[in-house]
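K.L.:
To convert a position in the sequence shown, counted from 1, into the working numbering, add 1.
Sharing a structure, written as structure tokens. Questions coming.
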Amino acid sequence: MAEEARPLSWVLDAATAYLARRGVDSPRATAEHLAARILRCGRSAVAQRLDLPFSPAAAAAMGRGTRRVAAGEPLQYVLGQWDFRDFTLKTDSRALVPRPETEQLVDLALSSPRLRAAASPRLMDYGTGSGCIAIALARALPGAVVAAVDVSAPALALAAENAAALGVADRVKFVDASALDLADAFEPASFDAIVSNPPYIPSAVCDRLDPKVRDHEPRLALDGGADGMDVLRQVCEEAGLLLAPEGELYLELDAESGQATPVSELLADLGFGPVRTHPDLSRRPRFVSAVLQAGL
Ligand SMILES: C[S@@+](CC[C@H](N)C(=O)[O-])C[C@H]1O[C@@H](n2cnc3c(N)ncnc32)[C@H](O)[C@@H]1O
2 MAEEARPLSW
12 VLDAATAYLA
22 RRGVDSPRAT
32 AEHLAARILR
42 CGRSAVAQRL
52 DLPFSPAAAA
62 AMGRGTRRVA
72 AGEPLQYVLG
82 QWDFRDFTLK
92 TDSRALVPRP
102 ETEQLVDLAL
112 SSPRLRAAAS
122 PRLMDYGTGS
132 GCIAIALARA
142 LPGAVVAAVD
152 VSAPALALAA
162 ENAAALGVAD
172 RVKFVDASAL
182 DLADAFEPAS
192 FDAIVSNPPY
202 IPSAVCDRLD
212 PKVRDHEPRL
222 ALDGGADGMD
232 VLRQVCEEAG
242 LLLAPEGELY
252 LELDAESGQA
262 TPVSELLADL
272 GFGPVRTHPD
282 LSRRPRFVSA
292 VLQAGL
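See the structure below:
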């Protein structure tokens with residue numbers, strides 16, 4: 002006998018209860034995201050379809066999705082896509098899930114009058130992951146050319162898929178930094194701005210992260226070494242070589258482990274100034290911006 006189609010409201014209630022029993026945060030919102038993905042509509046449209054029948058095939062897909070989320074997989078990987086600023090990225094376990102804080106980092110870079118006025122700014126996204134920063138910059142600055150750097154071949158492959166799908170592949174150049182020294186790969190003073198959300202979590206803290214993050218997102222995207230600053234230091238030092246005079250550096254870092262002060266001090270030593278710290282939406286010191294002073 003063919004299975005009976007249930008209304009979407011019934012499926013959503015059942016999925017919400019299942020996710021809540023398994024301790025998933027925001028179970029209703031999670032169920033709505035899954036239903037919207039299956040129905041190929043926006044989440045707000047789900048509310049308008051509550052009385053409509055959800056086919057047995059759709060209900061089976063919903064079951065698979067809820068079980069994966071309940072087992073601890075990030076919702077963004079289960080959905081296979083996630084919104085970042087005004088576009089949608091493909092998301093999977095090859096790269097970090099793009100975070101709202103990183104949208105703020107992009108906003109900070111895009112608030113630069115110098116970058117907005119430049120006809121064709123030369124930019125670098127250091128640690129591109131899914132490509133979210135590089136693609137956001139390329140979309141917002143139509144003359145920009147962006148070098149999207151990573152040491153992870155799987156992340157670079159995902160970022161390239163995203164750049165192609167979002168129509169900026171001609172202006173985002175991918176650079177595998179695993180086997181090369183960036184200071185050798187580019188001429189000195191090749192960039193007008195470098196934007197980076199590097200791995201910045203201290204190794205010991207990584208071991209204690211929420212299992213949803215620790216066991217599913219790439220360790221390479223999270224672990225910044227003993228004090229979390231291994232790659233941050235590298236970015237600052239290489240930015241000192243690769244930025245043009247008056248070139249701008251925008252960094253995201255770990256507010257919890259107090260990295261803004263040592264990073265600012267390092268940048269001042271490397272010839273950057275002014276160096277500024279910027280808060281995230283929770284008013285924590287999350288971002289540092291700096292301008293490379295013209296040399297002698
Ligand atoms: C925190 S993730 C950020 C990803 C993406 N930019 C975002 O904001 O969602 C850091 C990225 O840096 C890359 N990475 C780690 N070490 C690196 C290094 N030494 N040089 C370049 N990229 C590195 C990781 O593979 C990862 O994709």
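Built from N, CA and C at the ideal position, the CB exists for glycine as well.
1. Starting from Ile195 and walking both ways along the alpha helix (DSSP H), at which residues does that stretch end?
2. What ranges does the alpha helix (DSSP H) occupy inside the region 171 to 254, keeping only unbroken runs of at least 4 residues that lie completely in it?
3. Span of the beta strand (DSSP E) holding Gln82?
4. Could you pull out every unbroken beta strand (DSSP E) segment of at least 3 residues lying fully inside the region 22 to 87, listed in chain order?
5. Please report the distance separating the alpha-carbon of Phe192 from that of Arg50.
6. What residues match up with Tyr19 in a beta bridge as DSSP calls it?
7. Measuring from the CB of Leu97, is there a heavy atom of ligand 1 at a distance below 6 Å?
8. Would you kindly check if the distance between the Cβ of Val173 and the Cβ of Ala149 is under 7 Å?
9. Is it buried or exposed, Ala36, if we count other Cβ atoms within 10 angstroms and call 16 or more buried?
10. Given a cut-off of 7 Å on the beta-carbon distance, is the pair Val25 and Ala60 in contact?
11. Might you give, ordered along the chain, the residues of its own chain that have their beta carbon closer than 6 Å to the beta carbon of Pro1, omitting 5 neighbours on each side?
12. For Ala161, report the span of its alpha helix (DSSP H) as first-last.
13. Three or more C-beta pairs closer than 8 Å, one from the region 188 to 204 and one from the region 123 to 131: is that the case here?
14. Assuming the contact rule is C-beta atoms closer than 8 Å, Glu253 and Leu106 should be a hit. Round their C-beta distance to whole Å, please.
15. Taking C-alpha atoms, which residue in Pro99, Ser283, Thr278 and Val169 lies nearest to Pro75?
16. Between the C-alpha atoms of Asp84 and Leu90, what's the straight-line distance to the nearest angstrom?
17. Just the Cα atoms here: how many angstroms apart are Phe175 and Val206?
18. How many angstroms separate the CA atom of Ala118 from the CA atom of Arg277?
19. According to DSSP, is Ala6 helix, strand or coil?
20. Does DSSP put Arg95 in a helix, a strand or coil?
21. Identify the residues that DSSP records as bridge partners of Arg117: which are they?
22. Does the CB of Glu102 have a neighbour CB from chain D at under 7 Å?
23. Decide if the region 240 to 253 is in contact with the region 270 to 284; the criterion is three or more beta carbon pairs, one per stretch, under 8 Å apart.
24. Mind checking Gly43: buried by the 16 CB within 10 Å criterion, or exposed?
25. What's the C-alpha gap between Arg234 and Ile202?
26. Can you tell which of Pro28, Pro57 and His34 has its C-alpha closest to the C-alpha of Arg7?
27. Which of the three DSSP states is assigned to Thr89 in this structure?
28. Mapping the DSSP letters down to three states, classify Ser265 as helix, strand or coil.
29. Ser179 to Asp151, Cα distance in whole Å?
30. Over what stretch of residues does the alpha helix (DSSP H) that includes Leu138 continue unbroken?
P.N.:
So, from the listed chains and residues:
1. That residue, Ile195, is in no alpha helix (DSSP H); its beta strand (DSSP E) goes Phe192 to Ser197.
2. 183 to 186, 204 to 207, 212 to 215, 220 to 223 and 231 to 243
3. Gln82 to Phe85
4. If only uninterrupted beta strand (DSSP E) runs of at least 3 residues are considered, those enclosed by the region 22 to 87 are 82 to 85.
5. 49 Å
6. Tyr19 has no beta-bridge partner at all, per DSSP.
7. yes
8. Between Ala149 and Val173, the CB-CB gap stays under 7 Å.
9. buried
10. Taking 7 Å as the cut-off, the beta carbon of Val25 is found no closer than this to the beta carbon of Ala60.
11. For residue 1 there is no data in the structure shown, the boundaries of the chain being 2 and 297.
12. Start and end: Ala154 to Ala166.
13. Touching, yes, given that three or more Cβ pairs across the two stretches are closer than 8 Å.
14. 5 Å
15. Pro99
16. Straight across, the Cα-Cα distance linking Asp84 with Leu90 is about 6 Å.
17. 30 Å
18. 21 Å
19. DSSP places Ala6 in coil when its eight states are reduced to three.
20. Looking at Arg95 - three-state DSSP - the assignment turns out to be coil, as it is neither helix nor strand.
21. The beta-bridge partner set that DSSP reports for Arg117 is empty.
22. Here chain D cannot be found, since the structure has a single protein chain.
23. yes
24. exposed
25. 13 Å
26. Pro57
27. strand
28. helix
29. Straight-line Cα distance between these residues: approximately 7 Å.
30. Cys133 to Ala141
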